[in-house]
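Q: With this note's numbering applied, the sequence shown covers 222 to 457.
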Amino acid sequence: MKKLSILAVAVALSAPFAAAAESKNKKKSEAAKTPAAAPAPKKETKTMPPFPENATEKAPDAFKAKFTTTKGDFTIEVTRAWAPLGADRFYNLVKLGYFNDIAFFRAIDGFMVQFGISGDPALSAKWRSAAIKDDPAAGHTNARGAVTFAMAGPDTRTVQMFINFGNNGQLDSMGFPPFGKVVSGMEVVDSLYKGYGEGAPRGMGPDQGRIQMEGNAYLKKDFPKLDYIKSAVLVK
Numbered sequence: 222m223k224k225l226s227i228l229a230v231a232v233a234l235s236a237p238f239a240a241a242a243e244s245k246n247k248k249k250s251e252a253a254k255t256p257a258a259a260p261a262p263k264k265e266t267k268t269m270p271p272f273p274e275n276a277t278e279k280a281p282d283a284f285k286a287k288f289t290t291t292k293g294d295f296t297i298e299v300t301r302a303w304a305p306l307g308a309d310r311f312y313n314l315v316k317l318g319y320f321n322d323i324a325f326f327r328a329i330d331g332f333m334v335q336f337g338i339s340g341d342p343a344l345s346a347k348w349r350s351a352a353i354k355d356d357p358a359a360g361h362t363n364a365r366g367a368v369t370f371a372m373a374g375p376d377t378r379t380v381q382m383f384i385n386f387g388n389n390g391q392l393d394s395m396g397f398p399p400f401g402k403v404v405s406g407m408e409v410v411d412s413l414y415k416g417y418g419e420g421a422p423r424g425m426g427p428d429q430g431r432i433q434m435e436g437n438a439y440l441k442k443d444f445p446k447l448d449y450i451k452s453a454v455l456v457k
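#1: Determine whether the beta carbon atoms of Gly307 and Phe370 lie at a separation below 8 Å.
#2: Indicate whether Ala280 and Arg301 have their beta-carbon atoms separated by less than 8 Å.
#3: How many angstroms separate the CA atom of Ala358 from the CA atom of Leu392?
#4: Since Gln429 contacts Gly420 with CB under 8 Å, what's their CB separation in whole angstroms?
#5: Specify the secondary structure class of Gly424 as computed by DSSP and reduced to three states.
#6: Does chain B have any CB closer than 8 Å to the CB of Gly340?
#7: Just tell me which of Asn388, Arg423 and Lys287 has its CA closest to the CA of Leu314.
#8: Using the rule of at least 16 other Cβ atoms within 10 Å of the residue's Cβ for burial, across every protein chain shown, is Arg423 buried or exposed?
#9: Looking at the structure shown, is Pro270 part of a helix, part of a strand, or coil, going by DSSP?
#10: By how many angstroms is the C-alpha of Asp309 removed from the C-alpha of Lys316?
#11: Less than 8 Å between the beta carbons of Ile323 and Ile450, yes or no?
#12: For Val409 versus Asp294, is the C-beta distance shorter than 8 Å?
#13: Following the continuous alpha helix (DSSP H) through Gly307, name the residue where it begins and the one where it ends.
#14: State the CB to CB distance for the pair Lys292 and Ser412, rounded to an integer number of angstroms; the pair is presumed to be in contact (CB under 8 Å).
#15: Specify the secondary structure class of Asp448 as computed by DSSP and reduced to three states.
#16: By Cβ distance, which residues of its chain are closer than 8 Å to Glu349, with the 5 residues on each side in sequence left out?
#17: What residues in its chain sit with their C-beta under 6 Å from that of Tyr312, if we drop five residues either side in the sequence?
#18: Quick one: what's Gln335 bridged to in DSSP?
#19: Rounded to the nearest angstrom, what separates Lys446 and Phe284 at their Cα positions?
#20: From which residue to which residue does the beta strand (DSSP E) around Pro399 run?
#21: Beta-carbon within less than 6 Å of Val456's beta-carbon, same chain only, minus the 5 sequence neighbours each way: which residues are those?
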């Protein structure tokens with residue numbers, strides 16, 4: 222009886238430890254069956270389309286944009302104080318990716334090369350009425366390498382711009398204030414195809430109205446030698 226009592230006490234004492242061990246093993250078993258939690262998904266940065274309603278940011282006081290073209294790369298440095306509204310428009314166009322696959326459609330030797338009409342007629346339609354106000358002349362001239370918005374009269378600047386091949390100071394008093402200049406790769410700009418010359422109706426080059434309506438389909442069919450912007454990005 223004494224031995225039995227001692228055995229009973231030993232069993233009684235060991236029971237809680239056995240139960241605890243069993244519970245622990247059960248939890249491990251359940252944990253092993255439970256699938257690991259999936260990692261939290263990374264937040265995707267949504268790219269806004271290059272529409273006028275998204276072009277609302279104020280540009281930094283100074284910034285650079287690198288253009289990759291069919292002839293190589295060049296970099297434009299912008300000084301906002303030269304033409305604040307023009308600088309803001311250019312900054313937003315680059316940031317939104319507007320310049321992808323856009324032609325240098327008017328290149329006149331010794332004068333300038335013009336670009337900015339989208340190769341997508343639907344996108345061109347959105348920008349045609351998105352004009353910005355004129356910037357007052359700030360004393361910076363249309364020298365070689367200066368980058369300036371094109372216009373058809375007061376307060377008509379939208380997306381077209383040009384790079385000066387030569388010194389075109391005569392434009393300064395005509396409402397064409399530069400907003401930046403080419404700081405590297407001017408030899409690339411010089412090499413852009415100029416063989417088509419002035420556009421229709423004055424010359425044999427591309428008709429701007431048809432570019433607006435038909436886009437790159439028209440240019441690549443009728444003017445296959447034109448050079449293009451592949452991409453433009455802000456330089457950090």
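A virtual CB, placed ideally from N, CA and C, is assigned to each residue, including glycine.
A: Result, derived from the coordinates:
#1: In the sequence shown, residue 307 corresponds to position 86, counting from 1. In the sequence shown, residue 370 corresponds to position 149, counting from 1. In contact: Gly307 and Phe370 (Cβ atoms closer than 8 Å).
#2: The sequence position of residue 280 within the sequence shown is 59, counting from 1. The sequence position of residue 301 within the sequence shown is 80, counting from 1. Inclusion of Ala280 and Arg301 in the CB contact set at 8 Å is warranted, their separation being smaller than that value.
#3: Numbered from its first residue, the sequence shown carries residue 358 at position 137. Numbered from its first residue, the sequence shown carries residue 392 at position 171. Their backbone Cα atoms lie some 11 Å apart in a straight line.
#4: The residue labelled residue 429 in the question sits at position 208 within the sequence shown. The residue labelled residue 420 in the question sits at position 199 within the sequence shown. Sure, about 6 Å apart at Cβ, within 8 Å.
#5: Taking the first residue of the sequence shown as position 1, residue 424 is located at position 203. Three-state result, Gly424: coil.
#6: Any reference to chain B falls outside this structure, which holds one protein chain only.
#7: As a working note, residue 314 is residue 93 in the sequence shown. Ranking Asn388, Arg423 and Lys287 by Cα distance to Leu314 puts Lys287 first.
#8: Counting from 1 along the sequence shown, the entry for residue 423 is found at position 202. Under this definition Arg423 is an exposed residue.
#9: Counting from 1 along the sequence shown, the entry for residue 270 is found at position 49. In the structure shown, Pro270 falls within a coil segment according to DSSP collapsed to helix, strand and coil.
#10: Here residue 316 refers to the residue found at position 95 when the sequence shown is read from its first residue. Here residue 309 refers to the residue found at position 88 when the sequence shown is read from its first residue. Computed Cα separation, rounded: 11 Å.
#11: On the sequence shown, position 102 is the one that residue 323 refers to. On the sequence shown, position 229 is the one that residue 450 refers to. Yes; because the gap between Cβ atoms is below 8 Å, this pair is in contact.
#12: Within the sequence shown, the letter at position 188 stands for residue 409. Within the sequence shown, the letter at position 73 stands for residue 294. In contact: Val409 and Asp294 (Cβ atoms closer than 8 Å).
#13: Taking the first residue of the sequence shown as 1, we reach residue 307 at position 86. Taken as a continuous stretch (DSSP letters only), the alpha helix (DSSP H) holding Gly307 covers Pro305 to Lys316.
#14: In the sequence shown, counting from the first residue as 1, residue 292 sits at position 71. In the sequence shown, counting from the first residue as 1, residue 412 sits at position 191. Right, their Cβ atoms sit about 5 Å apart.
#15: Taking the sequence shown and counting its residues from 1, the one referred to as residue 448 is at position 227. In the structure shown, Asp448 falls within a coil segment according to DSSP collapsed to helix, strand and coil.
#16: Counting from one through the sequence shown, the residue named residue 349 turns up at place 128. The sequence given here has Arg at residue 349, not Glu. Spatial neighbours of Arg349 in its own chain (CB-CB distance under 8 Å, excluding positions within 5 residues in sequence) are listed in chain order as Thr379 and Gln433.
#17: Walking along the sequence shown from the start, residue 312 turns up at place 91. Taken in chain order, the residues that qualify are Ala280.
#18: Taking the first residue of the sequence shown as 1, we reach residue 335 at position 114. Gln335 pairs with Arg327 and Phe383.
#19: Locating residue 446 in the sequence shown gives position 225, counting from the first residue. Locating residue 284 in the sequence shown gives position 63, counting from the first residue. Each residue's alpha carbon lies about 32 Å from the other.
#20: Here residue 399 is taken as the residue at index 178 of the sequence shown, counted from 1. Per DSSP, Pro399 belongs to the beta strand (DSSP E) from Pro399 to Ser405.
#21: Walking along the sequence shown from the start, residue 456 turns up at place 235. In the same chain as Val456, and ignoring 5 residues on each side of it, the C-beta atoms closer than 6 Å to its own belong to Lys285 and Lys287, in chain order.
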